[in-house]
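J.: Before I ask anything, let me first share the structure, which is written out below as structure tokens.
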Amino acid sequence: MRIFFTAYEQANVPCIAPVMRALSQRDGWEPVFVPGLDFKEHRGCLAHATGPAGVPLSRLGDWLVPSEVEQAGQRGRILREHVVRWASACAGAATFETRIVATSLKGLLERSYMPSLFEAYARYELALEAFARKERPKLVVLPEDTDYLRGRLAARVFNGHGVPVVCLVPFYYNVFLSYPLLGERYAARYLVMNRSYADRLARHGVASDRIDVVGNPAFDTLRQESESPQGSPTFLYAMQGLPWESEIVSDLVAIFRDLPQAELAIKPHPELCRPTWLASLSTTRNIHVLAPDADAHILLQQATCVIGQSSSMLYQASVLGRAVIVPHYDPAPLSVYLPESDRSQVLARTKADLRHKIESILAGRGRGLAREEIAPFYPKSTERVVDCLESVRAQLSPRRGD
Amino acid sequence: MRRVLILGYVDDAVSRLGDACAGPTDCRLIGLSPAISECLRERRLPHVSVLEYVGSTEWEAIHEEIGRVLQGLSANVRDVNWLDDWSHLIVDEARALVFWSQVARRILDVEHPAEVFIQKPLESHSSHHALISIASAYRLLGQQVESWQDHRWVG
């Protein structure tokens, strides 16, 4: 049976790649990768993820003829004009809450890239319609069914055509509490990383027989070296371009100036531009700024502790048994899921708190996030996902089966 | 309490508030984050942490509030599918402003200030967005605010 996998950004490919490889070695499965559309806000452009080597590819754009592309572009332009008028009308609404939301919406719609985004949205919708109608897929695996130009649109279109959808939810959608779960949940089955996200789905009305906790296949390849890191204890700060980053880095530099026996390695985000303030950072012998493309796996092996606001490296480090610190200087709620039992140990809300946590780790009292909470089934998540997909296939009606 | 001064960062001007705040004062200083509160504490400036005015400690409650607003607005949008598809992006865009607007309103409810002063946002500091969001929320509430730098003392 052909099973279509999609990813909207490269960071999500490691979650599906081992599953596609495992299925391609099984009888009766033929995995195909469909690159989804992603919008890179920091670069203001559209992008596609690249699938794993050796897996057949199906491009959604190939399902449209040029006249349909033009027709979709026109539809996107008309839609945008209507939406802009509607948002302006909403801004004069009676309630404070509505005015607040409408103000944000207006600001969003005024961005320079919005015209091209509306056209891309309309084109993508038409391409999904054509794919569902002509390919008649028996099973599609999406990363989520929540996000606007991504899984939400795809899940709605497939649902409309009776195509069964499974969501194999990658890292970010599992752990980011700031990602909303509004509206109807379209997927027939949700394969999620942890109990916390399963509970969240259940609170939003998804029946328990549609949810399987599977861990994260991307973690399966993480292997702990037999020996602990040698030399000075190294603290790795994973930059992400989030608010409070310059203040956190500045505090870390001040703290590590007083700790010559330890090293601070600052790793810029591999995709984001280097912030200008980083160049003027006054470092000492034990503080280094790494290359953005430095090998994360090697860095994790060498680190005693990973510090980050919401980086996936916090979770990877925890799986490897390293300590982690999550600076959260913001008064807003936490962006990422941290197991309740770990919070007081890993969360640092001020500079003094950060210093205390670092000194505790140097004294041998550090800890990571509980592995059984964040990575159940490690290192056999891929097998678990494949088993779940087998059970989904068994449940498909004979008309849909192969 | 007659006056409220909302502070997002600590600079020389804030440090100079020390002497003026030493005695009785009718001005409440509010530090916009635990990190700022720590800096104010180090400078022995009496203040209140913004956490005293934070209602939602989980994003879920804020998402639901925005979801309710969008549902109310959906009757007038021609393409309901569009609104449903884009709800994630709209929530993502609105949630910080909704959070800060709740904080802004709670400060008014608790303090009943006659005057509200907000520190001038500093683009290079992470409190920039919060200070702008609070000022924007007060504008929408019809509450007059004044931008504060070191040229005015509010004690």
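For the protein sequence lines, the chains are A and B, in the order given. So for the first sequence, this note's numbering puts the first residue at 1; every next one is plus one. So for the second sequence, this note's numbering puts the first residue at 1001; every next one is plus one. We put the beta carbon where it would ideally sit given N, CA and C, even for glycine.
Return the first residue and the last residue of the beta strand (DSSP E) that valine 169 of chain A is part of.
T.: No beta strand (DSSP E) contains valine 169 of chain A, which DSSP labels as neither H nor E.
J.: Residues of chain A with CB under 9 Å from proline 1034 of chain B, in chain order?
T.: Result: His328, Tyr329, Asp330, Pro331, Arg349, Thr350 and Asp353.
J.: By the three-class DSSP mapping on this structure, what secondary structure does arginine 400 of chain A have?
T.: With a pLDDT of only 48 at arginine 400 of chain A, under the threshold of 50, the placement of this residue in the model should not be trusted; the figure read from the coordinates follows. If DSSP states are grouped into helix, strand and coil, arginine 400 of chain A belongs with coil.
J.: Could you check which residue in B:Arg1105, B:Arg1106, B:Trp1100 and B:Ala1035 has the C-alpha nearest to that of serine 104 of chain A?
T.: That would be B:Trp1100, whose Cα lies nearest to the Cα of serine 104 of chain A.
J.: Which first and last residues belong to the beta strand (DSSP E) in which histidine 288 of chain A is found?
T.: Note, histidine 288 of chain A: beta strand (DSSP E), 287–289.
J.: On the three-state DSSP scale, how would you describe aspartate 387 of chain A?
T.: Aspartate 387 of chain A falls in the helix class under three-state DSSP.
J.: What three-state label does DSSP hand glutamine 1144 of chain B in the structure shown?
T.: Coil at glutamine 1144 of chain B, not helix or strand.
J.: On a CA-only basis, which of A:Ala89, A:Ala11, A:Arg2 and A:Val34 is nearest aspartate 62 of chain A? Give me that one, please.
T.: Minimum Cα distance to aspartate 62 of chain A is reached at A:Val34.
J.: Look at threonine 283 of chain A and valine 253 of chain A and say whether their C-beta atoms are less than 8 Å apart.
T.: Taking 8 Å as the Cβ cut-off, threonine 283 of chain A and valine 253 of chain A qualify as a contacting pair.
J.: Please check the pair glutamine 25 of chain A and alanine 49 of chain A, which I expect to be a contact at CB under 8 Å, by giving their CB distance rounded to whole angstroms.
T.: Not really, about 22 Å apart at Cβ, beyond 8 Å.
J.: Using a Cβ-Cβ cut-off of less than 9 Å, list which residues of the segment 89–116 of chain A approach chain B; keep chain order.
T.: If the cut-off is 9 Å between Cβ atoms, the segment 89–116 of chain A has Ala89, Cys90, Ala93, Thr95, Phe96, Glu97, Thr98, Arg99, Ile100, Val101, Ala102, Thr103, Ser104, Leu105, Gly107 and Leu108 near chain B.
J.: DSSP three-state call for glutamate 263 of chain A: helix, strand or coil?
T.: Here glutamate 263 of chain A sits in strand by DSSP.
J.: So, at 6 Å on beta carbons, what are the nonlocal neighbours of alanine 291 of chain A in its own chain, with the 5 sequence-adjacent residues on each side left out?
T.: Answer for alanine 291 of chain A: no residue qualifies.
J.: What residue does the beta strand (DSSP E) around histidine 48 of chain A start on, and which one ends it?
T.: Per DSSP, histidine 48 of chain A belongs to the beta strand (DSSP E) from 45–48.
J.: Where are the alpha helix (DSSP H) runs, 4 residues long or more, that stay fully inside the segment 165–233 of chain A, in chain order?
T.: Whole alpha helix (DSSP H) segments, 4+ residues: 171–175 and 195–203.
J.: Buried or exposed for arginine 85 of chain A, please, with buried defined as at least 16 other CB atoms from any protein chain shown within 10 angstroms of its CB.
T.: It counts as exposed.
J.: Helix, strand or coil: how does DSSP classify alanine 127 of chain A here?
T.: It is helical.
J.: Count the other CB atoms within 10 Å of the CB of glutamine 1149 of chain B; is the residue buried (16 or more) or exposed (fewer)?
T.: So glutamine 1149 of chain B counts as exposed.
J.: Residues of the segment 1075–1087 of chain B in Cβ contact with chain A at a cutoff of 8 Å, in chain order, please.
T.: Residues passing the 8 Å Cβ filter: Asn1076, Val1077, Arg1078, Asp1079, Asn1081, Trp1082, Asp1084, Asp1085, Trp1086 and Ser1087.
J.: Starting from the beta carbon of aspartate 145 of chain A, find every residue of chain B whose beta carbon is closer than 9 Å, and list them in chain order.
T.: The premise fails here: aspartate 145 of chain A is roughly 10 Å from chain B at the closest Cβ pair, so nothing lies under 9 Å.
J.: Identify whether serine 112 of chain A lies in helix, strand or coil by the three-state DSSP scheme.
T.: Here serine 112 of chain A sits in coil by DSSP.
J.: Nearest chain A C-beta to valine 1050 of chain B closer than 8 Å, yes or no?
T.: Answer yes: the Cβ-Cβ gap between valine 1050 of chain B and chain A drops below 8 Å somewhere.
J.: Which bits of chain A does threonine 1025 of chain B rub up against, with CB to CB less than 9 Å?
T.: Simply none; closest approach about 24 Å.
J.: Cβ atoms of proline 143 of chain A and tyrosine 173 of chain A: under 8 Å apart, would you say?
T.: For tyrosine 173 of chain A and proline 143 of chain A, yes; Cβs fall inside 8 Å.
J.: If we define contact as Cβ-Cβ less than 8 Å, is leucine 153 of chain A a contact residue for chain B?
T.: At least one chain B Cβ lies under 8 Å of leucine 153 of chain A.
J.: Could you name the residues of chain B that arginine 156 of chain A contacts, counting a contact when the two beta carbons are closer than 8 Å?
T.: Near arginine 156 of chain A (Cβ distances below 8 Å), the residues of chain B are Asn1081, Asp1084 and Asp1085.
J.: What residues in its chain sit with their C-beta under 6 Å from that of arginine 400 of chain A, if we drop five residues either side in the sequence?
T.: Any reading at arginine 400 of chain A must be qualified, since the residue scores a pLDDT of 48, below 50, and its modelled position is unreliable; no value is offered.
J.: Taking glutamate 9 of chain A as the query, report the chain B residues whose CB atoms sit under 7 Å from its CB, ordered along the chain.
T.: None at all; the shortest Cβ gap to chain B is about 14 Å.
J.: Taking the alpha carbon of phenylalanine 4 of chain A as the reference point, which residue from A:Ala155, A:Glu125, A:Gln74 and A:Gln302 has its own alpha carbon closest?
T.: Closest option to phenylalanine 4 of chain A, Cα to Cα, is A:Ala155.
J.: Of all the alpha helix (DSSP H) runs that stay within the bounds of the segment 285–328 of chain A, which reach a length of 4 or more residues?
T.: Those alpha helix (DSSP H) runs which fall completely within the segment 285–328 of chain A and span 4+ residues are 296–302 and 312–319.
J.: What does glycine 1031 of chain B pair with, by DSSP beta-bridge criteria?
T.: Looking at the DSSP assignment, glycine 1031 of chain B forms a beta bridge with B:Leu1007 and B:Ser1049.
J.: From arginine 185 of chain A to threonine 146 of chain A, what distance separates their C-alpha atoms?
T.: Looking at the two C-alpha atoms, the distance is approximately 8 Å.
J.: Can you name the residues of chain B whose CB is closer than 7 Å to the CB of glycine 183 of chain A?
T.: Within chain B, the residues near glycine 183 of chain A are Asp1084 and Ser1087.
J.: Looking at chain B, is there any beta carbon in it that lies within less than 8 Å of the beta carbon of histidine 356 of chain A?
T.: Taking Cβ atoms only, chain B never reaches closer than 8 Å to histidine 356 of chain A, which makes this a no.
J.: So proline 35 of chain A is in the beta strand (DSSP E); what residue range does that whole segment cover?
T.: Where proline 35 of chain A is concerned, the enclosing beta strand (DSSP E) stretches over 30–35.
J.: Checking 8 Å against the spacing of the C-beta atoms, do histidine 1098 of chain B and isoleucine 1066 of chain B come in under that value?
T.: According to the sequence displayed, residue 1098 of chain B carries valine and not histidine. Cβ atoms of valine 1098 of chain B and isoleucine 1066 of chain B: closer than 8 Å.
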